[in-house]
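Everything below concerns the one structure shown next.
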Amino acid sequence: MAAPIPLYLAAVLLVSCGAAPSDVPYRIPEEQPPNTLVGSLAADRGLPDTGHLYKLEVGAPYLRVDGKTGDIYTTETPMDRETLRDCRNLFEGDKCYLEFEVSITDMVKGMGSGPRLIEGRIEVLDINDNTPQFSSPILTLSIPENTHVGALFAIPMATDRDSGVNGVAEYSLSTGPDADRLFSLQVAVDTDEKLPQLVVMGNLDREKKDSYDLNIRVVDGGRPARASSALLRVVVTDQNDNVPKFERSHYEAELPENSPQGHSVLQVRANDADTGTNGEIDYSLHQMSEAVQRLLRIDRSTGVIYVKNQVDREEENFLKFYVVAKDRGPNSKSSKVLVTLTVRDQNDNAPTIEIRGIGLVTHQDGVANISEDMPVGTPVALVQVSDRDEGENAVVTCVVAGDVPFQLQPLLSESTNDKRRKYFLQTTTLLDYERVKDYRIEIVAVDSGNPALSSANSLKVQVTDMNDNTPSFSPVMMEVDFAEGNQPGDKVLHVEATDADSGSNAELVYSIIERSASGLFNIDANTGEVQVNNLLDREETERYEFRVAAADKGSPSRTGTATVVINVLDRNDNDPKFMLNGYSFSVIENMPPLNPVGVVTVSDVDKGDNARVKLFVEPDNGKFVIQNGTGNILSSISFDREKESTYTFRLKAVDSGEPPRSSYVGVTINVLDENDNAPYVTKPANSSYTYLTPDTAPNTRVEVVEAEDIDSGPNAELVYTITGGNPYGLFHISPTTGEITLAQAFTGEHNGLHRLVVQVKDNGKPPRHTTALVHVFVNDTKANVSLIEVLVGHSLYTPLDRDIAGDPNYALAQRSNILYGSLAGIAGVILVIVAVVVIRHRLQKDTKSGYQAGKKESKDLYAPKQGPKNSKGKKSKKNKAPKPAKPLEEDEEATLQKGLKFNLINDTVSDSPRIHLPLNYPPGSPDLGRHYRSNSPLPSIQLQPQSPSASKKHQAVQDLPATNTFVGTGDNNSTGSDQYSDYSYKANPPKYSNKQT
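Rendered as structure tokens:
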């Protein structure tokens, strides 16, 4: 429902005491929601928006008024037009009004001598809030049989408590299949109401069917419309064709107020031309309100209306209803007549005196308070005198009894309501609180009835003291020291103010003005004790300053203020705090001791000694120290990342408070790598080999060189290159993975042993490298394994700058060397045997200096002499035969003792010297041993079980310090490096050349 729009209808003239205000009418639909604007007195009266105080005097509980703007609003109590006292028995077209009164008090001096009063009316407009209803959910209609088609029968009308367009608008009829062609509905219009009539459309035969059930529906004209239905039961009876007729068209009468129960009011009469039961009439009340139903009754047979309950004119002054006359025939007919009763007044009500506050003067429990400084003529109360009677019975005289400085000033009004008269009760002299503090005022009212009735009411007026002194503090600045770490609710200080007034004007209420401080501190409103609400922390706020106020309870209140300063004292309540939750520093290995490795920062938010912090290393193992004051961490050691890459310890920070507080933080020292380690090869062994057939396809994987570097980062990133032994470009190595593949197909000249010199270099600065040997044997078959192993063994003692790449001459030279070596060995053994025999003959005992069969030699005749160690690797002279009898150098002797373990034995099987190899050859393989037996002059040498197995041959090369590697730094050609293993050969020629006989 749309909100109502207030309508200004009449000009309003308002004056103060002695002036006559006019009505201010408004219009508003009923049942409006709360806070709906009815009208604006300020706007309608042309008053300023400020400077006035508006108060609703009459109109509650349906209305309320805004004290500042004068706007009138609805309240939670809805205005129901049908239940308002003055709107219950209105005729069609009558308007419903709700009266109100509003007082206006000027707040600015000089604008008026007293309050003013506005009286007005609100026209309450009807809305569609009631549903039309039939008198009963089941309506019975009797129709005689053989009724002619088109006959009309009146249907009991529905009633709607709403009026106008919201009343009954239309009727509709629903029939079943058995009555569809028998009945229809016709609505007749009679002045202000619609009369539903049932039309007979077909012949009725009671013997075939004696009743029909129809549905009649009524709808009102509201928007939205409301509707209800009833069952219309049609009973087919014998014919009754005359309607009862009243003697009058309208009955009127007066009903004396307070008439006793059973009092006869009037009698209505109706006549029926029918005879018998069709002419006997029953009377009943129709379309009656709740008041009529409660107060009156009618004799069904005589039509006499009696008083059922006592009638009070002040409650119901007018009654309107209908009387229905209905014959007793089987097809009953009826008619109705309007009856109106006016209740005549009796002087049965004494005048009523209502005393209420006016303007700024409020009343509570019959007491009004007024300040002693009010001027003469100030209204203390609004007195309203009324009498619920009428005429002379309602004329009232009102006076103030006794000798008091107050009088009644009539408030003249042009209102048509003479039953209520209003007066201002105002002062006649200045009031003095010190002389008289209160007055009891009695007001007497007498009406003009016979006999006259009177009443009295009283009001107590209390004179209040004027508040003219402001509370004051001494001193106005209060400063106090308060230690942090308190408990909530602890007392901080006590403030006190004084006020020279008395009574409530001297009663003080303390408060904290600053809103920011009110959350931290609390002040007792009565005692002035300041307490702390929360735990104070000096580290957050060291000083608080706020203002406190002392306000008296006068009206208007006066307030004095003072400043409070609270200095928060420090306690040792904070641990030292490191800047980070953990520290991690990086240092370069090999850094000399007593150098700083990192700096830590620690702070303590406390103050003074509580903030002085000392640092300690835990555990104190002597590796690190820390400088107090600077936070520098110093190392007492030199770092070697390969031995220990990470150091972890704790730092402890302790303040100088009492008791002291401490905290810890973890420190990690990461040692950064330097390239101080060369790579070492883990695979393959220098003495191993890979066999390939001549028809091996290119890109075939040959071998993978695997190496490691105990450094880290770029110092451990390795690059693989072939630096020697690949003159034909047959092989290719991946620089990152070390995988060796065949680059091109073999030809006939490529058969034989290939020794690849592979250099493994890291990416350090400067880089470090090592060298590995990879042997590849190319042949149609590898049945003669001993030959391959011999070739690989001699390759280990061949200088690295000489390419071994399948050269047939090289293989022949190696075989000649083996033959010459065997002959030289045999000759040496014979000489040793002769020497032993001579010595034994002389000494007649065993000697330890000669060669004995099966005894281990301390020196290997096959061991070549190692060249001198220098940075460039000097080469020995070519084609110079070695000296077998020359003592070996210490390094060479140690190498041979650690490496090849050959035992010299006597071979008694054959008189010709031979070499026994510990390998089993497959059938059909060439017998190199037979070749050596026929050509070698040396005694036979057999490898004993304690000698290295076939898989561990040349262990002297395998036991290199860096496994299977030749170590070097700097240049790529490392044949002369002094970092070679003791087992590496340095540019020495083969001990057995082709020229040796």
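If you count by the numbering used here, then the sequence shown holds residues 69 to 1065, one letter each, in order. For every residue, glycine included, the Cβ atom is placed at its ideal position computed from N, Cα and C.
In the three-state reduction of the DSSP assignment, Ile-894 falls in the helix class, which pools H, G and I. By a beta-carbon distance limit of 8 Å, Ser-210 does not contact Pro-312. Their separation comes to about 15 Å.
Here Asn-678 carries a helix assignment [DSSP, helix/strand/coil].
Taking 8 Å as the upper bound for CB-CB distance, Ile-591 and Val-600 are not in contact here, some 11 Å apart. Non-local C-beta neighbours of Phe-845 in its own chain, meaning closer than 6 Å and more than five positions away in sequence, comprise Tyr-757, Tyr-759, Leu-821 and Ile-856, ordered along the chain. The continuous stretches of alpha helix (DSSP H) do not include Glu-383, and DSSP gives it neither H nor E. Going by beta carbons, Asp-741 and Arg-709 fall inside the 7 Å limit.
Sequence-distant partners of Ala-574 (beyond 5 residues in either direction) whose C-beta falls short of 7 Å from its own C-beta, in its chain, are Asp-567 and Asp-620. DSSP places Gly-459 in the helix class (H, G or I) of the three-state scheme.
Contact annotation, Ile-426 with Leu-499: C-beta distance approximately 17 Å; criterion of less than 8 Å not satisfied. Contact check between the segment 309-328 and the segment 445-456: fewer than three CB pairs, one atom from each, fall below 8 Å, which does not count as touching.
In this structure, the beta-carbon distance from Ala-393 to Ala-338 falls below 7 Å. In this structure, the straight-line span from the alpha carbon of Pro-867 to that of Gln-812 is close to 26 Å. For Arg-626, there is no enclosing alpha helix (DSSP H), as DSSP marks it with neither H nor E. In this structure the segment 295-309 does not touch the segment 348-365; the number of beta carbon pairs closer than 8 Å is below three. A contact between stretches requires three or more CB pairs, one per stretch, nearer than 8 Å, and the segment 720-729 fails this requirement with the segment 786-806. The straight-line gap separating the alpha-carbon atoms of Ser-327 and Ser-526 is approximately 34 Å. Rounded to the nearest angstrom, the Cβ distance from Asp-273 to Glu-325 is 57 Å, too far for a contact under 8 Å. Contact between the segment 104-121 and the segment 152-166 is absent, with fewer than three C-beta pairs closer than 8 Å.
At least 7 Å separates the beta-carbon of Gly-596 from that of Pro-539. Here the alpha carbon of Leu-428 sits roughly 10 Å from the alpha carbon of Ile-172. Boundaries of the beta strand (DSSP E) harbouring Ile-373: 372-375, taken from the DSSP string. Each residue's CA atom was taken as its position, placing Asp-174 and Tyr-501 some 25 Å apart. Counting every other CB atom within 10 Å of its CB across the protein chains shown gives Pro-795 a total below 16, marking it as exposed. When secondary structure is reduced to three states using DSSP, Arg-910 falls in the helix class. Per DSSP, His-818 is not a residue of any beta strand (DSSP E), being assigned neither H nor E. A contact is defined here as three or more CB-CB pairs under 8 Å, and the segment 192-210 meets this definition with respect to the segment 281-293. Under the Cβ criterion (8 Å, minimum of three pairs), the segment 505-517 does not count as touching the segment 406-413. Comparing alpha carbon positions, the residue from Ile-140, Ala-565 and His-843 closest to Ala-618 is Ala-565. The C-beta distance from Leu-282 to Met-225 rounds to 16 Å, too long to fall under 8 Å, and the pair is not in contact.
Cys-466 is bridged by DSSP to Ala-513.
For Leu-363, the enclosing alpha helix (DSSP H) stretches over residues 358-363. In this structure, the alpha-carbon of Val-749 lies about 53 Å from that of Pro-644.
In this structure, the alpha-carbon of Ala-418 lies about 14 Å from that of Gln-452. Closest in C-alpha terms to Ile-284, from the list Met-534, Val-255, Val-336 and His-800, comes Val-255. Nearest neighbour of Glu-191 by Cα position, chosen from Thr-137, Thr-259, Ile-96 and Gly-218, turns out to be Ile-96.
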